[in-house]
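These protein sequences, in sequence, are chains A and B.
The numbers in my numbering rise by one with no breaks, and the one at position 37 of the first sequence is 50.
The numbers in my numbering rise by one with no breaks, and the one at position 371 of the second sequence is 384.
Each residue gets a CB set at the ideal place from its N, CA and C atoms; glycine is no exception.
Structure first, commentary second.
There are 2 protein chains.
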Amino acid sequence: VDAFFDPNGVAVIGASTRPGKIGHEVLRTLVGSGYAGGIYPVNPAAASQEILGKRCYARLSELPGRVDLAVIVVGAESVPATIEECAAAGVRAAVIISGGFKEMGEAGAVLERRTVEAAQKGGLRLIGPNCIGISSSSSRLETFFQPREMMARPGPGPIAVMSQSGTFGATMLEWLAGENLGVSKFVSYGNRSDVDEVDLAGYLARDDSTGLMIFYIEGLGRPRRFFELAREVGRRKPVLMLKGGRTRLGAAAAASHTGSVAGDYASFLGVMAQCGVVLAADAEELLDLAKLFALVPLPAGGRVMMVTNGAGPCVIASDVISTSRSLSLARLGHEGSDRLKRELPPFCVVGNPVDLTGSADARSFAQALEVLAADPSVDVLMPVLVFQDAPLGLSAGELEGVMAAVRKTGKPVVAVAGGGPFTREHALHLQGAGVPVFPTATRAVTALDGFVRHALWRQQSGQTGSPKL
Amino acid sequence: VDAFFDPNGVAVIGASTRPGKIGHEVLRTLVGSGYAGGIYPVNPAAASQEILGKRCYARLSELPGRVDLAVIVVGAESVPATIEECAAAGVRAAVIISGGFKEMGEAGAVLERRTVEAAQKGGLRLIGPNCIGISSSSSRLETFFQPREMMARPGPGPIAVMSQSGTFGATMLEWLAGENLGVSKFVSYGNRSDVDEVDLAGYLARDDSTGLMIFYIEGLGRPRRFFELAREVGRRKPVLMLKGGRTRLGAAAAASHTGSVAGDYASFLGVMAQCGVVLAADAEELLDLAKLFALVPLPAGGRVMMVTNGAGPCVIASDVISTSRSLSLARLGHEGSDRLKRELPPFCVVGNPVDLTGSADARSFAQALEVLAADPSVDVLMPVLVFQDAPLGLSAGELEGVMAAVRKTGKPVVAVAGGGPFTREHALHLQGAGVPVFPTATRAVTALDGFVRHALWRQQSGQTGSPKL
Chain A
14 VDAFFDPNGV
24 AVIGASTRPG
34 KIGHEVLRTL
44 VGSGYAGGIY
54 PVNPAAASQE
64 ILGKRCYARL
74 SELPGRVDLA
84 VIVVGAESVP
94 ATIEECAAAG
104 VRAAVIISGG
114 FKEMGEAGAV
124 LERRTVEAAQ
134 KGGLRLIGPN
144 CIGISSSSSR
154 LETFFQPREM
164 MARPGPGPIA
174 VMSQSGTFGA
184 TMLEWLAGEN
194 LGVSKFVSYG
204 NRSDVDEVDL
214 AGYLARDDST
224 GLMIFYIEGL
234 GRPRRFFELA
244 REVGRRKPVL
254 MLKGGRTRLG
264 AAAAASHTGS
274 VAGDYASFLG
284 VMAQCGVVLA
294 ADAEELLDLA
304 KLFALVPLPA
314 GGRVMMVTNG
324 AGPCVIASDV
334 ISTSRSLSLA
344 RLGHEGSDRL
354 KRELPPFCVV
364 GNPVDLTGSA
374 DARSFAQALE
384 VLAADPSVDV
394 LMPVLVFQDA
404 PLGLSAGELE
414 GVMAAVRKTG
424 KPVVAVAGGG
434 PFTREHALHL
444 QGAGVPVFPT
454 ATRAVTALDG
464 FVRHALWRQQ
474 SGQTGSPKL
Chain B
14 VDAFFDPNGV
24 AVIGASTRPG
34 KIGHEVLRTL
44 VGSGYAGGIY
54 PVNPAAASQE
64 ILGKRCYARL
74 SELPGRVDLA
84 VIVVGAESVP
94 ATIEECAAAG
104 VRAAVIISGG
114 FKEMGEAGAV
124 LERRTVEAAQ
134 KGGLRLIGPN
144 CIGISSSSSR
154 LETFFQPREM
164 MARPGPGPIA
174 VMSQSGTFGA
184 TMLEWLAGEN
194 LGVSKFVSYG
204 NRSDVDEVDL
214 AGYLARDDST
224 GLMIFYIEGL
234 GRPRRFFELA
244 REVGRRKPVL
254 MLKGGRTRLG
264 AAAAASHTGS
274 VAGDYASFLG
284 VMAQCGVVLA
294 ADAEELLDLA
304 KLFALVPLPA
314 GGRVMMVTNG
324 AGPCVIASDV
334 ISTSRSLSLA
344 RLGHEGSDRL
354 KRELPPFCVV
364 GNPVDLTGSA
374 DARSFAQALE
384 VLAADPSVDV
394 LMPVLVFQDA
404 PLGLSAGELE
414 GVMAAVRKTG
424 KPVVAVAGGG
434 PFTREHALHL
444 QGAGVPVFPT
454 ATRAVTALDG
464 FVRHALWRQQ
474 SGQTGSPKL
């Protein structure tokens, strides 16, 4: 599998001279990616021409340099023969972008089997078909047909994104980029004709640049082996997952999307929980979980303490905490409670939340958070911030320092702040300082519930502390 | 209640000379709001000074012009006397921003009762206390202490936002602004000492600028009367609602937030459904519902047809539709199905979704949508758009025209597109053309479920067509 992520030379088979064509855009992305190895467009119709500054070849056998990886964008019917050519030319791995296989029914499934047989005979590994490609931050390789101006790329970081759906993968990459969270490896694996979740998780387990794995799956190639692997790997590198095809209708849609066969979701959920895999209910929850895992240490427990300058979202948060599986509202000890009542202005309400009211500035938060962080009955600190209120908005620049001080206590700090450009700007600053910020209390608390369940799973399996990202 | 939204003169009692202070920021917002009536700062400590270009007066009795509305930002203990002064000066309505009342326990509750008694004796109506103020697009009045540079304002439009929580209200205003959706009236009513949901809904029912009402409530002042009113008004102006304090813990948080008493949520849900009120589970769902109601006509039923250039989100959508209450996957008739198979390229999958694959451009969508819109077994069209894919991304500018043509068929078109800046830009263009766009399939389908339930409620109560917004 290494040949996919750190190849010595890449060929784009089916490279096109016409901008907008998938065979052109893949090459454009690759040429602009910063990948340092050789890049070779292959297409008999454009032989000897230059495409995007690279000489195009009629066939693989004519290339002047070594090629480990082929990116294939030719029509489905030509793919089996192309794989045979790849094998003959010593190519070790192929990413098949083209669709028209198992997702199309029986005729496509036959074509897919022939492709896989050709690869097995030739000693090649395959990703796809019917996918959007891969990326690797270590080799700076990218094989997407999504142009940079249409799809933002995240910088390098600890999160590996593995997605059976290219669309889901593209969206997740852009969301992570928008949150300034970095990605180590990306794989869209579509129909999963060869390389599957077990191969990928096994590779990522050994990959130093990866500390956390996100999977979007519609079915698992080798479920039993994946469960074993996830349980083992998950102690060092958390595995987060969203599953499509949880219902009969969803499973039918999955069959015509990637040709996947989905099993019973309830039993799937149970097994995954035993393996410490954190399952998200939807794409945004998966993003939220990734943000938590990437930014904050696992808490010792689920007792959440809120502090706010606008308590409305804390009412909703209390509702969601009530119906969560692992969270509860922390009750402040007498000492902390007395100290806050003494030190805070008289109009503040000292409960959970500690309501500093709209007059609070960054210093009020510093004062309260110091006391709350020291309280042994608090596992997670949740500031609910209204940057729109002038007193906090004017002092928002000081919040990063406040949060940095609180983070030193080792307790996770998870913030809520919903709003427009001003709020988002300050939220990103806080995230830069290691405090994840969520747009609503519901999303913060829902993600926290999965996060704390993973922490408890680790404790039950005898692990202490947080995995190193 | 009219005096709040279209007052002849406004006094800010407790106006401050110091930027950042709530009494200063309220005045700054008001002065910059475009409100055409007289604006009078009142504060004995700053008497005869100018604040933000307005002469400050020591007391209400000295004002040179008529004042219908007072915005009060003085300390809680001074509020009852201030209300008496207001009454003596002929003020008809007061927005009390100050906190320190019922939310603080018994002493505050006494103060609040004295305030209300003073108002009743003097013939004043009250909004608040413990709120962030009001706005009215018709008179351009705004009384927030949230500065414009910290809180984006939506333009004028048909949505009225009524929120017991100021924080929730501020977030919702900014989200609506970000979606280019307009607001008619905004009220943050905090502790609801006097003007309540019945007063507000009754006023909005008669307000020509309002076509749709959003409520965030923690408790209802007069539940039975509100239910009756909602049932009656909801036929013309849909009522959307989020309720905080649905659980024991949430209700306790609500009590210390706005002093509200929450009832049993399950029976509340049942009554609301009977009245056609659409209840959201969280703030984002409420936004999503508002977007649907503001932009598209009610569908005849819940049969959803998807068309896409990247089918992953359709798998998730199918899962959510499966567990929805009012939606199902449309099954295309033979005629439409045959036509699509004949007209679309052979690698397209004609099912639900119609998968145009990553090679699809705006014209492919036009071709498919024309057929799907004409099919009698389809109630709602749901294009799932991957703007990141070069063929669609390059032709994205043509989509507005495509959607405008489809909208003429009268069937709601509800799109999904998740991603970064490029996707958001095109999503906003589509929304400008009347097609709501959601970042995930889950959010689109979840909101659609509530939307269709409201459509069915209207049908059951003998209403046809959509309310006029």
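Within chain A, no C-beta atom comes less than 9 Å from the C-beta of residue 215 (chain B); the nearest is roughly 24 Å away. In the DSSP annotation of this structure, the continuous segment of the beta strand (DSSP E) that includes residue 198 (chain A) starts and ends at 196–201. One thing to note: residue 222 (chain A) has its Cβ no nearer than 9 Å to the Cβ of residue 201 (chain A). Boundaries of the beta strand (DSSP E) harbouring residue 171 (chain B): 169–176, taken from the DSSP string. Excluding its 5 nearest sequence neighbours in each direction, residue 267 (chain A) has C-beta neighbours in its own chain below 7 Å: 231, 232, 257, 258, 273, 275, listed in chain order.
For the segment 398–424 of chain B, the set of positions with a beta-carbon nearer than 8 Å to some beta-carbon of chain A reads 399, 400, 401, 402, 403, 404, 406, 407 in chain order. Collapsing the DSSP output to three states places residue 72 (chain B) in coil. Counting other Cβ atoms within 10 Å of its Cβ, residue 119 (chain A) stays below 16 and is therefore classed as exposed. Contacts with chain A at 9 Å (Cβ-Cβ) do not include residue 470 (chain B).
Residue 58 (chain B) places its beta carbon 9 Å or farther from that of residue 93 (chain B).
Unbroken alpha helix (DSSP H) runs of no fewer than 4 residues, entirely contained in the segment 318–348 of chain A, are found at 325–335, following chain order. Under DSSP, residue 228 (chain B) shares a beta bridge with B:175, B:254.
At a Cβ-Cβ threshold of 9 Å, residue 85 (chain A) and residue 141 (chain A) count as neighbours. Among the residues facing chain B, residue 365 (chain A) is included, as its CB has a counterpart in that chain under 9 Å away.
Legend: CB atoms of the segment 331–347 of chain B lying less than 9 Å from CB atoms of chain A belong to residues 331, 332, 333, 334, 335, 336, 341, 342.
Contacts with chain B at 9 Å (Cβ-Cβ) do not include residue 380 (chain A). Apart from the 5 residues on each side of it in sequence, residue 413 (chain B) sits with its Cβ closer than 8 Å to the Cβ of 442, 443, 445, 446 in its chain, given in chain order. Between the segment 453–464 of chain A and the segment 22–41 of chain B there are fewer than three C-beta pairs closer than 8 Å, too few to call the two in contact. In this structure, the beta-carbon distance from residue 429 (chain B) to residue 322 (chain B) does not fall below 9 Å. The Cβ atoms of residue 397 (chain B) and residue 426 (chain B) do not sit closer than 9 Å to each other. Residue 387 (chain B) is outside the set of residues whose beta carbon lies under 9 Å from a beta carbon in chain A. Using a Cβ-Cβ distance cut-off of 8 Å, the segment 167–176 of chain B and the segment 208–222 of chain B are in contact, since at least three pairs of beta carbons, one from each stretch, lie closer than that value. Counting along the chain, the unbroken alpha helix (DSSP H) around residue 262 (chain A) starts and ends at 261–271. Three or more Cβ pairs drawn from the segment 341–352 of chain B and the segment 380–391 of chain B lie within less than 8 Å of each other, which places the two stretches in contact. Using a Cβ distance threshold of 9 Å, residue 455 (chain B) and residue 332 (chain A) do not count as a contacting pair. Leaving aside the five residues that flank residue 31 (chain A) on each side, the residues in its chain whose CB is nearer than 6 Å to its CB run, in chain order, 37. Looking from the CA of residue 416 (chain B), the closest CA among B:383, B:401, B:433 belongs to B:383. The shortest C-alpha to C-alpha distance from residue 179 (chain A) to any of A:148, A:20, A:373, A:220 is the one to A:148. Between the C-alpha atoms of residue 361 (chain A) and residue 367 (chain A) there is a straight-line separation of about 7 Å. Closer than 9 Å to the CB of residue 187 (chain A) there is at least one CB belonging to chain B. Shown in chain order are the members of the segment 259–270 of chain A whose Cβ falls below 9 Å from a Cβ of chain B: 259, 260, 261, 262, 263, 264, 265, 266, 267, 269, 270. Bounds of the alpha helix (DSSP H) holding residue 377 (chain A) are 375–387.
Under the criterion of beta carbons closer than 8 Å, residue 401 (chain B) and residue 159 (chain A) qualify as touching, at roughly 4 Å. One finds nothing in chain B with a Cβ atom closer than 7 Å to the Cβ of residue 140 (chain A); even the nearest lies about 16 Å away.
Within the model, the alpha-carbon separation for residue 291 (chain A) versus residue 335 (chain B) is close to 23 Å. When DSSP states are grouped into helix, strand and coil, residue 135 (chain A) belongs to the helix group.
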